[in-house]
Every structure is written in C-alpha cells, then in structure tokens.
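Report on one structure; see the data block that follows.
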Amino acid sequence: MFTTSSAKAEEARGLGAHHTVLSTDDAAMATVRGGLDLVVDCIPVAHDPKPYLASLALDGALCLVGHLGSVSIETVDLLVGRKSVTSSGSGGRRSTQEMLDFCGEHGITAQVEVLPSAFVGTALDRLEAGDVRYRFVLEMSDLTGDATPARGLPNRDAGHPRCDPTTDQRAGPHDDDAQ
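Numbering (the working numbering), first residue to last: 20 to 198.
Next up, the structure:
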C-alpha cells in the first residue's frame, strides 16, 4: 500500500496490509521500483502518476480508479517496461451485488463512522477539511420526512409540489377550492 502518511501506514498494517510504502520517501519508493505487477491507484485528487509507473515491473499495469479528471503521462514511461494504464468503473448493480456477496461470504467489512442524519452538515464540513477516516454512513432511521434540505446540500426538488412541505398531498381538494 502506498501512502503519504506514516500514521496511515501503521494503521494499514494494523488492518492487515503486508507491506506499506511512504510515497513521499524517495528511498522507500526505490525499494519497489520495477517490482509490482499491478498498482490500483485510488487517489481521489490530481497527482503525478510517474512514481507509480516506475514501481511497475515488465508488462505491469497502473489501474486508475480514484481521480476522475485529466492525467498526464509521458509515453516513454509506458514504453520502457511495456507498461499499461487502465481504469475501471464501479460497476452496475449486479457487479456491486456480487462484490457485496463476496465480502459477506469472506467476512470482509468496511471501516465506517456512523453519524445521525442530522449531522450531515458536520459530515460535509469534515469531508472538506479532510478529517475523515474511510467512510461516513448516515443513519437514516431517524429521518422525520421533513423536506427541508440539509445545510450545504442543494434542494434539487425545490418547487416540485410533491417535495413542498407546506403542501399536504394526502388531502383531497381543499374546501375553499370547491365551488
């Protein structure tokens, strides 16, 4: 596992990682140079893929699954060592269900932090600040049906009568409408 933080490296080893490499440490990166068949790049922001390409063995592949923007790669970094760059989407419902079934059968669980739905604003603030380990899960059982959007979230349904909390859609015609 590549990481920029020694604390994350230690945490990853605690979760079962067999080998961690600080990507900010040139000496550590040199230890894996040309030795990996596959690197799955989950970095969600723009970054230089060159150090990860350098870690690939002959015919190795760099699979980009994190950042959705542009990536700049020097052709020579691919030619030397016959390396390839690939990507993968998250899959549809069937693939996602197969993955969840596999995880369930093998006791693979996610590291999550569960928050009450009312804390969605706090969750967004912490996401923006980079203060999140793994994933947030919002508890949905505490929802009351209020159509007011949470702070920071656009009300995409604003103006739609079914989403207007002042309109009771269960009632029939209003008495003053019947003439």
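Cβ coordinates follow ideal geometry from the N, Cα and C atoms, glycine included.
(message) Rounded to the nearest angstrom, what separates Ser91 and Pro68 at their Cα positions?
(response) For the purposes of this step, residue 91 is identified with residue 72 of the sequence shown, where counting begins at 1. For the purposes of this step, residue 68 is identified with residue 49 of the sequence shown, where counting begins at 1. Using only the alpha carbons, I get a separation of about 8 Å.
Query raised in the report: By Cβ distance below 7 Å, which residues in the same chain neighbour Ser107 in space, the five residues on each side in sequence not counted?
Result: Translated into the one-based positions of the sequence shown, residue 107 becomes position 88. So the qualifying residues of the chain are Cys82 and Val84.
> Going straight from the alpha carbon of His86 to that of Leu34, what length do you get?
Replying inline: Translated into positions along the sequence shown, residue 86 becomes position 67. Translated into positions along the sequence shown, residue 34 becomes position 15. The straight-line gap from Cα to Cα measures roughly 24 Å.
Fill in: Those runs of the beta strand (DSSP E) which lie wholly inside the region 43-80 and span at least 3 residues
Qualifying beta strand (DSSP E) stretches, in chain order: 55-60.
- prompt: With distances taken from CA atoms, which of Thr128, Pro70, Asp144 and Ser136 is nearest Asp161?
  reply: Numbered from its first residue, the sequence shown carries residue 161 at position 142. Minimum Cα distance to Asp161 is reached at Ser136.
To which residues of the same chain is Met48 closer than 6 Å at the C-beta, ignoring the five residues directly before and after it? For this step, residue 48 is matched to residue 29 along the sequence shown. Result list for Met48: Pro70, in chain order.
Cβ-based neighbour list, Arg145, same chain, cut-off 6 Å, excluding 5 preceding and 5 following: Numbered from its first residue, the sequence shown carries residue 145 at position 126. These residues qualify, in order along the chain: Val151.
- Query: Going straight from the alpha carbon of Asp44 to that of Val133, what length do you get?
  - Reply: Residue 44 sits at position 25 when you count from the first residue of the sequence shown. Residue 133 sits at position 114 when you count from the first residue of the sequence shown. Put simply, the backbone Cα of Asp44 is about 34 Å away from that of Val133.
Looking at the secondary structure, which residues open and close the beta strand (DSSP E) in which Arg154 lies? Indexing the sequence shown from 1 puts residue 154 at position 135. Note, Arg154: beta strand (DSSP E), Arg154 to Glu158.
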